[in-house]
Structures are given as structure tokens and as C-alpha cells.
Amino acid sequence: MGEATDQASERSGPGTDDAGAEPDARFTFANERTFLAWNRTALALVVAGLGIVQLLPPFPGVPWGRHLIGVPLIALGAVVAVAGYAEWILNQRALRRGQPLPRSLLPVILAVTITSIALLSAIVLLLSAIR
Amino acid sequence: MTSSNDPEDVDPVSSRARTKLAWTRAAIAFAALGVAVLKTNVAAGLTVIALTPLVWHIGRLSQGGPGGAGGKSRPRQLLLISVAVAAVAVTVLVLVILGHGRSSGFHPPRG
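This is the structure:
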């Protein structure tokens, strides 16, 4: 019993309030995999942004074009890494309390930002084609 | 949330194995980013590559065993991963904005 109490106090961090019970290990594993998937997405966004700035030749007539496309991608990577953790906490809390999982905001953030960057890329390409 | 057709219900062990593989992919992605950063800034790239074993080790702890949680939630270790990824993203952002390792781009050979 003492060991169980120790484990409970050890786990009482930001994501595991004392309310509810430890969820099924499979759900915890699934939540952890979702967290990891978001973090890999974040890493991929950073690599993509870095690649655009470092590997693309400069756009003729649009010297800031590469940074305009790459910097938001890298910033989005930082946001996704932090937001992924926040979502993991909310999901874990819902699992502990047996409540429905909260709706995720990350897909909307990701879709809106990537669409904006795609439109930005098209504008930069058009500008460099005109000049 | 559960379904009798769900493979996880038939074989709960696969959940653990898939999580282990997800951690391996995360560690590989981290190392790949380190190599990419290496091209921009050697010190930052080496630091990211040096952090990769930490990511892999935290993943190993998810499997249980000595010091491991084994399917229990572990907010501090996951926070460490998020902070590491966000810190690397901010570092790359600063390097890119300051123009470290500014390149004229990759020019394929013209034939």
C-alpha cells in the first residue's frame, strides 16, 4: 500500500490531478502516441522551414521570400510542440475522470497556418515571376 | 471507446510495441533535425544530436521495467520532450532570422 501511495504522489504532476483513477494502460499508451505524433509533426515543420531557408535558391526580385515562407513554418513547429503537450494533459485528465475527450484545436491551427503559408508561397512565386 | 474488433483488445501487447516504435520514430526525427541543423550551425546541430539519446531513453522508460512507468502517465518526462522540441524550434528560428550559415541555395548541376 505504501508503494502505491508513493507512486500516486509521484504521478501527481500537472497532467495527473488526483481526481479519477489511473486509466487503462492502452489508453495512456494511445494518448502518448498521439503526443509523439504531434511532436514529430513539429520536428518535420522545423526541418521543412529550415530546408526552405537554407536549400532553396533565392527568389529573383523577392530577397525575403525564403524567410517569409520558412520562418512561419518553424514558428508553427514550436507552437505545435507546446500545444501537443497541453492536449496530452487535457486528454489524460479526461481519461482519468472517464469523461469524453476534449476537442482538439491543433488540426484547425495546423490547417489554417499551412493554407496561409501555401497562399504566401504562391504570392512570392508570382512576384518573382513578374520581375 | 472500445470495440471487439479493435486489435488492441485482442492483443494489448501491440499497444506497448506501437508506442515503442513511435518513440523510435520520434528519436530518429530528432536526430534527422540535428543533422539538418548541423549544416546551419555546427554547435547547435551537435547539441540536438547529443539530445537524441535522451529522447530514446525516455521512450524506453515508457515500456516499464526498472524506473519505468509502463503504461502510467508521466507528465514530467513528456514535458521534457515538448520543451526540447520547442527549444530546438526556437533555436532554429533565431539562427534563420540572424542569418547564420546563410546560403545562396542549392544549385543543381546544369547539364
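Residue numbers (the working numbering), protein chains in the order written: chain A, 1 to 131; chain B, 1001 to 1111. Glycine included, each C-beta is placed from N, C-alpha and C at the ideal position.
Per DSSP, Val1088/B is one residue of the alpha helix (DSSP H) stretching across 1075 to 1098.
By the Cβ criterion, the stretch 72 to 91 of chain A is in contact with the stretch 109 to 127 of chain A, since at least three pairs of Cβ atoms, one from each stretch, lie closer than 8 Å. In the DSSP assignment, Gly84/A falls within the unbroken alpha helix (DSSP H) covering 65 to 97. Closest in C-alpha terms to Leu43/A, from the list Ala1022/B, Leu1080/B, Ala1029/B, Leu1093/B, comes Ala1029/B. With its beta carbon less than 8 Å from one in chain B, Ile74/A belongs to the interface. If you draw a straight line from the Cα of Val1013/B to the Cα of Ser1062/B, it comes to about 13 Å. DSSP lists Phe59/A as the bridge partner or partners of Val62/A. Val108/A sits exposed, since fewer than 16 C-beta atoms from the chains shown fall within 10 Å of its C-beta.
The closest CA to that of Gly20/A, considering only Pro58/A, Ala94/A, Trp38/A, Thr28/A, is found on Ala94/A. By the CB criterion at 8 Å, Ala1022/B and Leu101/A fall outside the cutoff. Runs of the beta strand (DSSP E) lying entirely within the stretch 95 to 129 of chain A and spanning at least 3 residues: none are present. Shown here, Glu22/A sits in coil according to DSSP, grouped into three states, outside any helix or strand. One Cα belongs to Val62/A, the other to Leu119/A, and the distance between them is close to 15 Å. Between Ala1027/B and Gly1071/B, the C-beta spacing is not below 8 Å.
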